[in-house]
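K.L.:
Here it is, the structure, as structure tokens.
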Amino acid sequence: MNTAGTTPGTGPLLEIEDLRVTFGSPGPRGRGRVVRAVDGVSLQVGRGRTVGLVGESGSGKSTLGRAALRLVPVRSGRVSLDGRDLTALRGRALRQARRDMQMVFQDPYSSLDPSAVIGDSIAEPLREHEGLSRRDAERRVKELLDVVGLPAGHAGRYPSEFSGGQRQRVAIARAVALNPSLVVCDEAVSALDVSTQNQVINLLEDLRARFELSYLFIAHDLAVVRHIAHEVAVMYLGHVVETGPTDRVYDSPAHPYTQALLSAIPASHPRRAGTGTRMLLSGDLPDPADPPPGCAFATRCPYAMDVCREAPPATTPVDGGGEVACHLQTSGPTLAGRTLDAAGVRAERDGSPDVVPAAVRDAP
Amino acid sequence: MSAPTATTTLLAVDDLRVEFATDHGWSTVVAGTSFSVGEREIVGLVGESGSGKTVTGLSVLGLLPRGVGRVASGSVTLGDRDLLGLSERELRSVRGNEVAMVFQEPMTSLNPAFRVGDQIAEAVRLHRGVSRRAARDRAVEVLDLVGIPHARRRADEYPHEFSGGMRQRAMIAMAVSCEPRLLIADEPTTALDVTIQAQVLELLAGMQQELGMSVLLVTHDLGVVAEVCERVVVMYAGQVVEQTDAVELFDHPRHPYTEGLLAAMPQLGSRGQRLSSIPGRTPEPWGMPQGCRFAPRCGYAVDACGEPPPLVTARSGHLSRCHRHDELTLRGAR
Numbered sequence: 066m067n068t069a070g071t072t073p074g075t076g077p078l079l080e081i082e083d084l085r086v087t088f089g090s091p092g093p094r095g096r097g098r099v100v101r102a103v104d105g106v107s108l109q110v111g112r113g114r115t116v117g118l119v120g121e122s123g124s125g126k127s128t129l130g131r132a133a134l135r136l137v138p139v140r141s142g143r144v145s146l147d148g149r150d151l152t153a154l155r156g157r158a159l160r161q162a163r164r165d166m167q168m169v170f171q172d173p174y175s176s177l178d179p180s181a182v183i184g185d186s187i188a189e190p191l192r193e194h195e196g197l198s199r200r201d202a203e204r205r206v207k208e209l210l211d212v213v214g215l216p217a218g219h220a221g222r223y224p225s226e227f228s229g230g231q232r233q234r235v236a237i238a239r240a241v242a243l244n245p246s247l248v249v250c251d252e253a254v255s256a257l258d259v260s261t262q263n264q265v266i267n268l269l270e271d272l273r274a275r276f277e278l279s280y281l282f283i284a285h286d287l288a289v290v291r292h293i294a295h296e297v298a299v300m301y302l303g304h305v306v307e308t309g310p311t312d313r314v315y316d317s318p319a320h321p322y323t324q325a326l327l328s329a330i331p332a333s334h335p336r337r338a339g340t341g342t343r344m345l346l347s348g349d350l351p352d353p354a355d356p357p358p359g360c361a362f363a364t365r366c367p368y369a370m371d372v373c374r375e376a377p378p379a380t381t382p383v384d385g386g387g388e389v390a391c392h393l394q395t396s397g398p399t400l401a402g403r404t405l406d407a408a409g410v411r412a413e414r415d416g417s418p419d420v421v422p423a424a425v426r427d428a429p
Numbered sequence: 483m484s485a486p487t488a489t490t491t492l493l494a495v496d497d498l499r500v501e502f503a504t505d506h507g508w509s510t511v512v513a514g515t516s517f518s519v520g521e522r523e524i525v526g527l528v529g530e531s532g533s534g535k536t537v538t539g540l541s542v543l544g545l546l547p548r549g550v551g552r553v554a555s556g557s558v559t560l561g562d563r564d565l566l567g568l569s570e571r572e573l574r575s576v577r578g579n580e581v582a583m584v585f586q587e588p589m590t591s592l593n594p595a596f597r598v599g600d601q602i603a604e605a606v607r608l609h610r611g612v613s614r615r616a617a618r619d620r621a622v623e624v625l626d627l628v629g630i631p632h633a634r635r636r637a638d639e640y641p642h643e644f645s646g647g648m649r650q651r652a653m654i655a656m657a658v659s660c661e662p663r664l665l666i667a668d669e670p671t672t673a674l675d676v677t678i679q680a681q682v683l684e685l686l687a688g689m690q691q692e693l694g695m696s697v698l699l700v701t702h703d704l705g706v707v708a709e710v711c712e713r714v715v716v717m718y719a720g721q722v723v724e725q726t727d728a729v730e731l732f733d734h735p736r737h738p739y740t741e742g743l744l745a746a747m748p749q750l751g752s753r754g755q756r757l758s759s760i761p762g763r764t765p766e767p768w769g770m771p772q773g774c775r776f777a778p779r780c781g782y783a784v785d786a787c788g789e790p791p792p793l794v795t796a797r798s799g800h801l802s803r804c805h806r807h808d809e810l811t812l813r814g815a816r
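The listed protein sequences correspond, in order, to chains E and A. First residue of the first sequence: 66, per my numbering; consecutive thereafter. First residue of the second sequence: 483, per my numbering; consecutive thereafter.
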């Protein structure tokens with residue numbers, strides 16, 4: 066699916082085309098399990114843009130982020146950064162290309178060596194990739210600590226001496242040390258208290274503007290994504306089911322799954338609790354090793370029709386930008402030719418719209 | 483949601499003081515906490531990490547890690563029984579039977595080596611002394627109650643065969659299997675996806691109604707509080723700083739810390755707005771400010787805040803631990 070917002074003429078910074086990632090193997094006589102973690106995903110991230118990637122755990126969003134950086138093996142498809150095909154790169158060329166793309170994880174402990182002072186952790190990529198002398202690296206580390214809002218004097222401290230928010234700042238300093246063009250943030254603020262979370266999001270925004278970074282921002286918290294992302298992609302069971310400009314997706318979600326996700330966001334005031342139309346999904350994600358035929362969401366979709374259980378939906382453009390993969394948009398008998406958005410009646414709830422347009426509620 | 487003023491008190495925590503062994507000696511992590519939970523009431527115990535909310539919840543059930551944490555003073559009363567005075571044996575009968583607990587991570591309660599149904603049945607047998615068969619039937623019944631499809635078949639499965647949301651349901655099933663009077667739920671939805679969180683919150687509220695339980699919901703998430711809680715206790719740095727009815731708290735906070743938390747709630751606002759945050763960080767237990775513990779981070783701090791403020795009634799049913807509670811007009815949730 067295409068995500069709007071790239072500068073014309075220069076092409077997107079990150080371009081993912083029909084990407085597939087599988088885990089496991091068919092095994093002898095087909096008795097093994099093959100999980101299609103990412104199943105034919107296309108996605109673009111424009112220069113200086115932030116694309117939010119949302120979905121439940123098991124949707125494949127983290128795997129997609131890792132595959133974009135070639136941290137997991139890609140089965141088929143193409144990933145290119147700045148027009149360069151990463152999927153073809155090996156060895157030294159791949160290592161060089163990786164300078165341009167970095168990752169920030171949920172738990173900084175996974176990326177910071179607990180036995181090394183943070184100054185050394187931040188200096189490591191500088192010395193490795195840029196061959197900086199110890200002294201120059203130290204100077205850069207101080208600058209970087211300043212950039213992420215930590216005192217330069219903290220370079221000699223160990224990760225355990227920092228709070229969660231401070232550790233995430235260290236991880237961010239390390240990620241931007243080599244001036245990458247793309248940073249994949251995988252649930253980078255999910256483990257933080259809300260006040261700290263906001264500080265880190267503000268920092269990420271500052272850095273994006275200052276260093277012209279692009280972010281692929283993976284998160285399950287939709288309110289956070291609304292604040293940071295220009296465009297949003299919604300994943301479900303290895304597929305991107307909807308993309309579009311953030312405001313369009315949040316104000317008029319076109320895919321029933323997006324509607325369900327948005328309607329599950331807790332109220333921001335007890336007085337509004339239970340006043341909106343909550344589209345409570347029953348059950349869990351299907352087994353990704355044994356996905357349903359047809360639309361992946363059909364087993365939990367309140368609007369599922371016969372065709373949804375038989376054929377995978379094609380992607381169609383949505384009014385207001387982006388694309389959606391849903392039979393309701395293309396072959397719903399009473400909705401033929403009309404998008405959910407066009408057919409729906411919107412009502413305000415908690416700053417977000419009533420997520421079930423009237424026409425959909427009556428749909429077969 | 484109505485003001486629960488007329489309810490009978492089920493759980494009363496009074497001036498609870500809990501200490502933990504740290505590199506700095508015994509440090510006070512809960513410093514004189516008092517609050518109550520009424521019959522059939524859902525109370526939110528809210529705070530950031532390090533506020534002492536989880537330790538408070540564990541203390542109620544005598545579940546502090548031995549040798550590491552200890553109750554230094556105070557009382558915890560359930561009905562008319564003092565829980566802190568009970569022997570380990572007496573406590574065991576209170577746990578599960580009268581007070582049950584669910585945690586953020588279901589695998590802290592579920593043993594990976596045993597079938598889910600067997601684990602629930604064992605808890606039932608232990609507390610109720612019923613036959614193996616009756617206990618097993620009860621296990622299937624509660625699994626069904628919490629919305630696990632094909633409960634009789636799923637009861638034969640192991641925890642790893644359940645998804646995250648199902649495990650959380652199974653843990654809630656185990657917790658409610660002996661119909662406790664009080665359920666302490668510590669961040670029960672924090673590890674879950676938003677869709678599953680909505681299911682589990684609905685389930686908790688439904689169980690509370692159906693079984694007439696009281697619930698103490700320990701959480702850092704004011705959105706979760708807004709969804710299900712009738713009353714809220716806000717903790718900061720080991721102390722209760724505010725306590726009132728949920729609607730009142732969101733409309734008219736009487737403590738600057740609560741105002742900061744409400745302002746930082748993720749809103750569905752537009753991109754590009756600066757997000758609000760509380761400057762600084764929670765103090766460590768061994769480095770508590772002398773006066774008001776929030777003063778170093780508080781935009782409203784004055785000289786008087788150098789003295790520790792008492793928890794006082796700001797208005798009927800609304801407690802605040804702020805020297806300036808009656809002169810400040812604080813901003814509620816948007």
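Glycine included, C-beta positions come from ideal geometry on N, C-alpha and C.
Any C-beta of chain E within less than 9 Å: which residues of the segment 682-694 of chain A qualify?
P.N.:
Result list: Leu-683, Glu-684.
K.L.:
Can you name the residues of chain E whose CB is closer than 7 Å to the CB of Leu-757(A)?
P.N.:
Against the second sequence, residue 757(A) aligns to sequence position 275. In chain order: Asn-263, Ile-266, Asn-267, His-292.
K.L.:
For Ala-240(E), which residues from the same chain have a beta carbon less than 6 Å from its beta carbon, with the 5 sequence-adjacent residues on both sides left out?
P.N.:
The residue you call residue 240(E) lines up with position 175 of the first sequence. Gln-167, Val-169, Val-248.
K.L.:
Report buried or exposed for Gly-534(A), applying the criterion of at least 16 other Cβ atoms within 10 angstroms of its Cβ.
P.N.:
As a working note, residue 534(A) is residue 52 in the second sequence. The residue in question, Gly-534(A), is buried, as its Cβ has 16 or more Cβ neighbours within 10 Å.
K.L.:
Are the C-beta of Asp-286(E) and some C-beta of chain A separated by less than 9 Å?
P.N.:
Taking the first residue of the first sequence as 1, we reach residue 286(E) at position 221. Yes, because at least one Cβ of chain A sits closer than 9 Å to the Cβ of Asp-286(E).
K.L.:
According to the neighbour-count rule (16 or more other Cβ atoms, all chains shown, within 10 Å of its Cβ), is Leu-405(E) buried or exposed?
P.N.:
Here residue 405(E) refers to the residue found at position 340 when the first sequence is read from its first residue. Note on Leu-405(E): pLDDT 47, under 50, position unreliable in the model; the coordinate value appears next. The residue in question, Leu-405(E), is buried, as its Cβ has 16 or more Cβ neighbours within 10 Å.
K.L.:
Suppose you measure from the CA of Arg-663(A) to the CA of Gly-561(A); what does that come to, to the nearest Å?
P.N.:
Looking up residue 663(A) in the second sequence gives position 181. Looking up residue 561(A) in the second sequence gives position 79. Near 10 Å, if we compare the C-alpha coordinates of Gly-561(A) and Arg-663(A).
K.L.:
Can a CB atom of chain A be found closer than 9 Å to the CB of Val-235(E)?
P.N.:
Your numbering for residue 235(E) matches position 170 in the first sequence. It does not; no Cβ of chain A falls within 9 Å.
K.L.:
Name, please, each residue of chain E whose Cβ falls closer than 9 Å to the Cβ of Pro-748(A).
P.N.:
Along the second sequence, read from residue 1 onward, the residue named residue 748(A) stands at position 266. Neighbours of Pro-748(A) on chain E, chain order: Val-259, Gln-262, Asn-263, Asp-286, Leu-287, Ala-288, Val-289, Arg-291, His-292, Ile-330, Ser-333.
K.L.:
Do three or more CB pairs link the segment 151-167 of chain E to the segment 324-335 of chain E at distances below 8 Å?
P.N.:
Counting Cβ pairs under 8 Å, fewer than three are found: no touch.
K.L.:
Check whether the Cβ of Glu-121(E) lies closer than 9 Å to any Cβ atom in chain A.
P.N.:
Position 56 of the first sequence, counted from the start, is the residue given in the question as residue 121(E). Yes, Glu-121(E) counts as interfacial toward chain A.
K.L.:
Taking a cut of 8 Å between CB atoms, which residues from the segment 298-325 of chain E lie near chain A?
P.N.:
Those would be Thr-311, Asp-312, Tyr-315, Ala-325, in chain order.
K.L.:
Could you check which residue in Ser-557(A), Gly-646(A), Ser-696(A), Ala-652(A) has the C-alpha nearest to that of Glu-580(A)?
P.N.:
If you number the second sequence from 1, residue 580(A) lands on position 98. That would be Ser-696(A), whose Cα lies nearest to the Cα of Glu-580(A).
K.L.:
Using only the alpha-carbon positions, how far apart do Ile-621(A) and Glu-296(E) sit?
P.N.:
Position 139 of the second sequence holds residue 621(A). Position 231 of the first sequence holds residue 296(E). Here residue 621(A) turns out to be Ala, not Ile, going by the sequence shown. Near 46 Å, if we compare the C-alpha coordinates of Glu-296(E) and Ala-621(A).
K.L.:
Answer with yes or no whether the minimum CB distance from Asp-349(E) to chain A is below 9 Å.
P.N.:
Here residue 349(E) refers to the residue found at position 284 of the first sequence. Yes, because at least one Cβ of chain A sits closer than 9 Å to the Cβ of Asp-349(E).
K.L.:
Grouping DSSP H, G and I as helix and E and B as strand, with all else coil, what is Cys-250(E)?
P.N.:
Here residue 250(E) refers to the residue found at position 185 when the first sequence is read from its first residue. The answer is strand: DSSP assigns Cys-250(E) an E or B state.
K.L.:
Let me know the secondary structure DSSP gives Gly-156(E) once reduced to three states.
P.N.:
Within the first sequence, residue 156(E) is the residue found at index 91, counting from 1. Helix at Gly-156(E).
K.L.:
To the nearest angstrom, how far is it from the Cα of Arg-234(E) to the Cα of Gly-196(E)?
P.N.:
By 1-based counting over the first sequence, the position of residue 234(E) is 169. By 1-based counting over the first sequence, the position of residue 196(E) is 131. Rounded to the nearest angstrom, the two C-alpha atoms are 24 Å apart.
K.L.:
Taking the beta strand (DSSP E) that Asp-83(E) belongs to, which residues open and close that run?
P.N.:
Numbered from its first residue, the first sequence carries residue 83(E) at position 18. Per DSSP, Asp-83(E) belongs to the beta strand (DSSP E) from 79-88.
K.L.:
At 3 residues or longer, what runs of the beta strand (DSSP E) sit wholly inside the segment 265-332 of chain E?
P.N.:
You should have 279-283, 296-301, 304-310.
K.L.:
Taking the beta carbon of Thr-261(E) as the centre, do at least 16 other beta carbons fall within 10 Å, making it buried, or is it exposed?
P.N.:
Here residue 261(E) is taken as the residue at index 196 of the first sequence, counted from 1. With 16 or more other Cβ atoms within 10 Å, it is buried.
K.L.:
Could you check where the alpha helix (DSSP H) with Ala-687(A) kicks off and where it finishes?
P.N.:
Counted from its first residue, the second sequence places residue 687(A) at position 205. Run containing Ala-687(A): 676-693, per the alpha helix (DSSP H) assignment.
K.L.:
Rounded to whole angstroms, how far is the Cβ of Ser-255(E) from the Cβ of Gly-111(E), which I believe are closer than 8 Å?
P.N.:
Taking the first residue of the first sequence as 1, we reach residue 255(E) at position 190. Taking the first residue of the first sequence as 1, we reach residue 111(E) at position 46. Contact flag wrong, Cβ pair sits at about 25 Å.
K.L.:
Are the CB atoms of Pro-382(E) and Glu-388(E) nearer to each other than 9 Å?
P.N.:
For the purposes of this step, residue 382(E) is identified with residue 317 of the first sequence, where counting begins at 1. For the purposes of this step, residue 388(E) is identified with residue 323 of the first sequence, where counting begins at 1. Yes, they are a contact pair.
K.L.:
On a Cα-Cα basis, can you pick out the residue from Ala-390(E), Leu-287(E), Asp-172(E), Asp-316(E) that is closest to Gly-359(E)?
P.N.:
Translated into positions along the first sequence, residue 359(E) becomes position 294. It is Ala-390(E).
K.L.:
If the cut-off is 8 Å on Cβ atoms, which residues from the segment 524-535 of chain A count as contacting chain E, listed in chain order?
P.N.:
Residues Glu-530, Ser-531.
K.L.:
Counting only runs that start and end within the segment 572-653 of chain A, where is the beta strand (DSSP E) found for 3 or more residues in a row?
P.N.:
Entirely contained in the segment 572-653 of chain A, the beta strand (DSSP E) runs reaching 3 residues are, in chain order, 581-584.
K.L.:
May I have the straight-line CA-CA distance separating Gln-656(A) from His-194(E), to the nearest angstrom?
P.N.:
Along the second sequence, one-based indexing puts residue 656(A) at 174. Along the first sequence, one-based indexing puts residue 194(E) at 129. Looking at the sequence shown, residue 656(A) is not Gln but Met. Those two C-alpha atoms are separated by around 54 Å.
K.L.:
Is there at least one Cβ from chain A nearer than 9 Å to Ser-228(E)'s Cβ?
P.N.:
Within the first sequence, numbered from 1, the residue matching residue 228(E) stands at position 163. Yes, its Cβ sits closer than 9 Å to a Cβ of chain A.
K.L.:
Could you name the residues of the segment 501-514 of chain A whose beta carbon sits closer than 7 Å to any beta carbon of chain E, in the order they occur along the chain?
P.N.:
Under the 7 Å Cβ criterion, the segment 501-514 of chain A contributes no residue.
K.L.:
Go ahead and pull the three-state DSSP assignment for Glu-669(A).
P.N.:
Residue numbering aside, residue 669(A) sits at position 187 when the second sequence is read from its first letter. Glu-669(A) falls in the coil class under three-state DSSP.
K.L.:
Going along chain E, which residues have a C-beta under 7 Å from Ile-760(A)?
P.N.:
Counted from its first residue, the second sequence places residue 760(A) at position 278. Ordered by position in chain E, the residues that pass the 7 Å Cβ test against Ile-760(A) are Ser-260.
K.L.:
Can you tell me which residues form a DSSP beta bridge with Thr-701(A)?
P.N.:
Along the second sequence, read from residue 1 onward, the residue named residue 701(A) stands at position 219. DSSP, once it has assigned bridges, lists Val-528(A) as partnering Thr-701(A).
K.L.:
Give a yes or no on whether the minimum CB-CB distance between Gly-346(E) and chain A is below 9 Å.
P.N.:
Indexing the first sequence from 1 puts residue 346(E) at position 281. A small fix is needed here, since residue 346(E) is Leu in this sequence, not Gly. Leu-346(E) counts as touching chain A.
K.L.:
When burial is assigned at 16 or more other CB atoms within 10 Å of the CB, is Leu-452(E) buried or exposed?
P.N.:
Because residue 452(E) is not part of the residues shown, which for chain E are 66 to 429, the question remains open.
K.L.:
With three or more C-beta pairs closer than 8 Å as the rule, is the segment 304-316 of chain E touching the segment 137-154 of chain E?
P.N.:
Cβ pair count under 8 Å is below three, so no.
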